[in-house]
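Written out below as structure tokens is the structure these notes cover.
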Amino acid sequence: MKQQTAMNSNWIETAKTLSAALPYLQRYDDAIVVIKLGGHAMGSDEAMDLFARDVVLMQQVGINPVIVHGGGPMINDMLARLGVQSEFVNGKRVTDAATVEVVEMVLSGSVNKRIVQAINQQGGRGVGLSGKDAAMIRCTASQPELGFVGEPVDVNPKVLHQMFAANIIPVIAPLGFGEDGETFNINGDTAAGAIAAALKADRLLLLTDVAGVKDASGEVVTELTASYIRKLTEDGVIAGGMIPKTETALAALDGGVRAAVILDGRAPNACLLELFTPHGAGSMIRQDS
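Its first residue numbered 35, the sequence shown is counted upward by one per residue in the working numbering.
Right, dumping it as structure tokens:
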């Protein structure tokens with residue numbers, strides 16, 4: 035009898051959790067949520083399966099999720115295996131013609147299809163594409179000395195809306211095309227922000243391997259304004275790898291995204307915690323009111 039009572043108690047708590055999520059389920063009905071996938075969530079089959087399950091659940095309750103992924107470690111591994119030598123300028127890799135060919139092979143190939151397959155195995159309908167498909171992301175060279183590293187100048191999201199209507203989950207490799215048809219590699223965060231802005235997404239979720247944006251005392255700040263982000267950056271509190279993520283968030287807000295969230299992709303069910311609970315799972319950034 036004690037065991038049965040304990041089981042019933044767990045069932046009740048589960049029911050309470052589901053009931054408490056109702057306002058958030060209603061809030062995000064038919065919303066567009068762009069998720070930048072990288073870091074820990076891509077590091078193991080278990081983490082990937084858990085992420086895919088969350089994404090399929092999000093779509094099941096009415097959200098239109100879009101996945102934009104990175105793949106830096108996989109690219110580095112393949113370059114080494116193929117013996118492709120890289121040059122560096124100011125610590126940044128030069129993406130020459132040979133390198134961008136490998137980048138496209140890895141991002142549009144093995145990495146993209148791994149995510150698609152994980153989503154499909156959880157009962158979703160994932161379809162992989164890159165910014166070159168349907169002329170989605172047109173680029174210029176962000177820094178000519180770095181070769182085929184692109185900066186999005188125009189994003190056409192029409193094909194993504196068509197996929198939403200067909201209940202398909204887009205999985206996008208961060209590649210774009212230039213005026214002469216050349217391929218550009220795009221920073222994954224930058225691509226996600228540009229796509230979110232073009233879609234006027236409700237949320238941009240940037241999964242990373244830190245808990246969120248920290249203040250001067252080292253505490254994670256759960257809600258920030260654009261002006262506070264700029265102040266923390268000017269004061270040197272936001273530094274290193276967090277700068278490009280916050281810059282991506284601010285650019286997305288300027289482009290029409292309602293809010294951007296930098297959250298810890300190492301936490302199980304991070305996206306669900308952020309969207310469907312009152313406490314969230316990271317640092318939400320909004321425009322100043």
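Backbone N, C-alpha and C define an ideal beta-carbon position, used for all residues, glycine too. It should be emphasised that the depicted structure is a prediction, and the values quoted were computed from it without experimental measurement.
Check whether residue i and residue j have beta carbons under 7 Å apart
i: Phe-21; j: Gly-212; result: What is shown of the chain runs 35 to 323, which leaves residue 21 out entirely.
i: Glu-257; j: Met-318; result: yes
i: Val-291; j: Ala-235; result: yes
i: Val-134; j: Phe-182; result: yes
i: Val-255; j: Gly-158; result: no
i: Gln-156; j: Arg-237; result: no
Nearest residue (CA-CA) to residue i, options the options
i: Val-102; options: Leu-116, Val-140, Gly-72 and Asn-44; result: Gly-72
i: Asp-111; options: Asp-88, Met-139, Asn-98 and Met-318; result: Met-139
i: Leu-59; options: Gly-77, Ile-46 and Asn-98; result: Asn-98
i: Asp-188; options: Ile-220, Arg-264, Asn-124 and Gly-158; result: Ile-220
i: Gly-275; options: Ala-250, Gly-77 and Ile-296; result: Ile-296
i: Ser-261; options: Leu-284, Leu-240, Pro-278 and Ile-277; result: Leu-284
i: Val-205; options: Leu-194, Val-95 and Thr-267; result: Leu-194
i: Leu-239; options: Ala-207, Val-271, Ser-251 and Ala-286; result: Ala-286
i: Ala-231; options: Val-67, Glu-47 and Val-247; result: Val-67
i: Gly-96; options: Ile-203, Val-255, Arg-264 and Gly-125; result: Ile-203
i: Arg-148; options: Ala-200, Ala-207, Thr-129 and Ser-120; result: Ala-207
i: Ala-10; options: Ala-55, Ala-199, Ser-164 and Gly-246; result: The first residue shown for the chain is 35 and the last is 323, placing residue 10 beyond what the model contains.
i: Val-81; options: Ser-323, Asn-303, Asp-322 and Gly-316; result: The displayed chain sequence assigns Ala, not Val, to residue 81. Selected option, being the one with the closest Cα: Asn-303.
i: Ile-153; options: Asp-269, Met-92 and Ile-263; result: Met-92
i: Pro-186; options: Gly-165, Gly-316 and Ala-273; result: Gly-165
i: Ala-65; options: Ala-199, Gly-125 and Leu-163; result: Ala-199
i: Ala-273; options: Asp-288, Gly-289 and Gly-252; result: Gly-252
i: Gln-280; options: Ile-263, Gly-270 and Asp-288; result: Gln is not the amino acid found at residue 280; the sequence shown has Thr there. Cα-wise, what sits closest to Thr-280 is Ile-263.
i: Gly-105; options: Ser-53, Asp-288 and Gly-77; result: Gly-77
i: Gln-94; options: Asp-63, Asp-269 and Leu-163; result: Asp-63
Residue environment, residue i, which counts as buried when at least 16 other CB atoms sit within 10 Å
i: Gln-177; result: exposed
i: Arg-127; result: buried
i: Pro-312; result: exposed
i: Phe-122; result: exposed
i: Ser-43; result: exposed
i: Leu-309; result: buried
i: Leu-116; result: exposed
i: Ser-142; result: buried
i: Arg-61; result: exposed
i: Lys-265; result: exposed
i: Asp-214; result: exposed
i: Asp-79; result: exposed
i: Ala-131; result: exposed
i: Leu-233; result: buried
i: Gly-160; result: buried
i: Ile-229; result: buried
Rounded distance between the beta-carbons of residue j and residue i, thought under 8 Å
i: Thr-282; j: Arg-320; result: That pair is no contact at about 15 Å.
i: Gly-314; j: Leu-306; result: Not a contact, Cβ separation roughly 11 Å.
i: Ala-169; j: Asn-190; result: 6 Å
i: Ile-171; j: Gly-210; result: 4 Å
i: Ile-109; j: Val-150; result: Ile-109 to Val-150, Cβ: 18 Å. No contact.
i: Arg-12; j: Asp-243; result: Missing from the structure shown is residue 12; the chain here goes from 35 to 323 and no further.
i: Ile-69; j: Val-100; result: 7 Å
i: Leu-180; j: Thr-224; result: That belief does not hold up - the Cβ atoms of Leu-180 and Thr-224 are roughly 13 Å apart, past 8 Å.
i: Ala-75; j: Leu-241; result: 5 Å
i: Asp-288; j: Gly-316; result: Not quite, the Cβ-Cβ distance comes to about 20 Å (not below 8 Å), so this is no contact.
i: Gly-184; j: Cys-173; result: 3 Å
| query | Mind pulling the alpha helix (DSSP H) runs of 4 or more residues that sit fully within the stretch 237-291? | reply | Complete alpha helix (DSSP H) runs here, min 4: 260-268 and 276-288.
| said: In chain order, what are the residue ranges of uninterrupted alpha helix (DSSP H) at least 4 long that sit wholly in the stretch 190-243? | reply: 192-199 and 222-233
| Which residue spans inside the stretch 36-117 form an unbroken alpha helix (DSSP H) run of at least 4? | You should have 36-54, 56-61, 79-94 and 106-116.
| Whole beta strand (DSSP E) elements within the stretch 133-192, 3-residue minimum | 160-164, 171-175 and 184-189
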